[in-house]
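Here the sequence shown stands for residues 101 to 264, numbered as in our numbering. For every residue, glycine included, the Cβ atom is placed at its ideal position computed from N, Cα and C. Everything on this sheet refers to the single structure shown next.
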Amino acid sequence: MKFFYAVLLLVCHCSWSQTDDRTQIDNMITSWHRAAAEAKFDVYFSHFTDNAVFIGTDPTENWNLKSFKEFSKPFFDRGRAWNFRSIERNIYLSDDGKTAWFDELLDTRNMKLCRGSGVARKIDGSWKIAHYVLSMTIPNDNTLEVVNNKSAFDEALIKTLKSR
101 MKFFYAVLLL VCHCSWSQTD DRTQIDNMIT SWHRAAAEAK FDVYFSHFTD
151 NAVFIGTDPT ENWNLKSFKE FSKPFFDRGR AWNFRSIERN IYLSDDGKTA
201 WFDELLDTRN MKLCRGSGVA RKIDGSWKIA HYVLSMTIPN DNTLEVVNNK
251 SAFDEALIKT LKSR
C-alpha cells in the first residue's frame with residue numbers, strides 16, 4: 101500500500117509540476133510581448149537564451165540574438181516597438197521538463213492575425229525563449245493571390261540564395 105501512495109504522490113507531483121511550468125511559460129511569453137508593447141528593451145531581451153534565434157515574417161529575417169537586438173533597438177528607442185496580443189496559446193512540455201514548445205495565434209494590429217511558435221528552455225529555474233518564429237497567416241482561399249503578389253521578390257531571392 102505504501103508503494104501505491106508513493107506512486108500516486110509522484111504522479112500528482114509531476115502533473116502539478118507540469119501545470120506550474122505551463123503557467124510560468126505562459127506568464128513569461130505574456131510578459132515578453134508586454135515588454136515590446138511598452139518598449140522595454142532590456143526586459144524584452146531578458147526573456148531570451150544567450151544563443152536564441154528569432155525568425156521574422158520576411159524571408160531574410162533569420163536573426164541570432166545579437167543581430168535581432170541591433171534590428172530591434174531603433175523601434176524600442178522611439179518608445180514603441182510592436183504590440184502582439186495572444187488570442188490562443190498552446191504549450192507543450194518535454195518528458196524531462198527542461199524544454200517546452202508553444203504556438204500562439206496573435207492579434208498584431210498592423211499585420212492582423214499572425215502565428216508565433218517557439219521553443220523555450222528552463223535555465224537555472226527560469227524559462228527562456230531559445231527559438232521563435234513569427235509567421236503571417238494566409239487563408240487558403242487567398243494563397244494564390246498572395247503568391248502572385250510576392251512572386252517577383254521570391255524569385256529574385258531564390259536566385260540570390262542559389263548563387264551562394
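- Query: For the alpha helix (DSSP H) that contains N249, what are its first and last residues?
  - Reply: In this chain, the alpha helix (DSSP H) harbouring N249 covers 243–262.
- Task: In angstroms with no decimal places, state the Cα-to-Cα distance between K198 and I125.
- Result: 12 Å
- Query: Taking the DSSP output, what are the residues bridged to I191?
  - Reply: Partner(s): F202.
- Let me know if D258 comes out buried or exposed under the rule of 16 or more other beta-carbons within 10 Å of its beta-carbon. First, the residue type needs correcting, since residue 258 is Ile and not Asp in the sequence shown. Label assigned to I258: exposed.
- Pairing CB atoms from the region 224–232 with CB atoms from the region 242–253, are three or more of them under 8 Å? no
- Pick from S146, L205, R122: whose alpha carbon is nearest that of W132? S146
- Message: I'd like to confirm the pairing. Which residues does DSSP put opposite N151 in its beta bridges?
- Response: N151 pairs with nothing; no bridge assigned.
- Whole-angstrom Cβ separation of F176 and F141, contact assumed at under 8 Å? 4 Å
- Task: Identify which residue in D196, A220, F184, K222 has its Cα closest to the Cα of L205.
- Result: F184
- Message: My assumption, with CB atoms under 8 Å, is that A152 sits in contact with H231. Please give the rounded CB distance.
- Response: 7 Å
- Task: Return the bridge partner residues of L213 from the DSSP annotation.
- Result: In the DSSP assignment, the residues bridged to L213 are D207.
- Cβ neighbour criterion (16 or more within 10 Å) applied to L261: exposed
- Message: Distance check for G156 and S172, CA to CA, integer angstroms please.
- Response: Those two C-alpha atoms are separated by around 12 Å.
- Please list the segments of the alpha helix (DSSP H) lying wholly inside the region 160–192, counting only runs of 4 or more residues, in order along the chain. Here the runs fully enclosed are 165–177.
- Item | Other residues of its chain near S115: CB distance less than 8 Å, five sequence neighbours each side excluded | At S115 the pLDDT is 48, less than 50, meaning the model places this residue with poor confidence and gives no usable figure here.
- Task: Kindly identify the DSSP beta-bridge partner or partners of H231.
- Result: V153, V219
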